[in-house]
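Okay, so the sequence shown: first residue is 113 according to the numbering used here, each after it adds one.
Structure first, then comments.
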Amino acid sequence: MSLKDQITEDMKTAMRAKDSERLGTIRLLQAAMKQKEVDERVVLDDAAIVAIVDKLIKQRKDSITAFEGAGRQDLADKEKSEMAVLQAYLPERMSADETLTAVKAIVAELGAAGPGDMGKVMGVVKTRLAGKADMGQVSAAVKAALAG
């Protein structure tokens, strides 16, 4: 079953269970997917859907930080629950050690030597590790691998 079909089935299940919070989050995800399909006139594959989910999770993390800083724990809790629903659609993430190992292999493969090659390395790393690793960890691993 594709990720898109899974999301649709989960929406139906949430409707039947009258789980309004989960339903709202899934509808938000579907709206983002539909927007991308309409804007770019493409049919999304699983990798593109994972990228959208990643983006939505990053937005939730930023919102949580802002809400907690402003003393609005009620809104931060709502964002946390949405983030939990969205994380169910991500594949299992690589650990920090696995990410560093993969990045070092790519750096060696490209023959990159120094911070000047970061753009070249990140381009390859993003395509290979998209959806599998946290891009914040990936960026730090690339900097560490190129530093020496």
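Using N, Cα and C, we set each Cβ at its ideal position, and we do this for glycine too.
Which listed residue (G136, K130 and M145) has its alpha carbon closest to that of D117: M145
DSSP state of P227 mapped onto helix, strand, coil: helix
C-alpha distance - A220 paired with E210, whole-angstrom precision: 15 Å
Segment contact flag, the region 149-165 with the region 178-190, C-beta cutoff 8 Å, min 3 pairs: The region 149-165 makes no contact with the region 178-190, as fewer than three CB pairs between them are under 8 Å.
Spatial distance of G136 from A178 (CA atoms): 21 Å
Complete runs of the beta strand (DSSP E) confined to the region 193-247 [at least 3 residues]: none
Straight-line gap, D244 to A214 (C-alpha atoms, nearest Å): It should be pointed out that residue 244 corresponds to Lys in this sequence rather than to Asp. Whole-angstrom Cα-Cα distance: 11 Å.
Burial state of D157, where buried means 16 or more other Cβ atoms lie within 10 Å: exposed
Span of the alpha helix (DSSP H), counted from its first residue to its last, around G181: D158 to G181
Pick from I169, A259 and A143 that is closest to L212, judged by C-alpha positions: A259
C-beta atoms of L202 and V250 nearer than 7 Å: no
Outcome for R128 when other beta-carbon atoms lying within 10 angstroms are tallied against a minimum of 16: exposed
Given I169 as reference, the closest of G248, K255, A252 and A256 once Cα atoms are compared: G248
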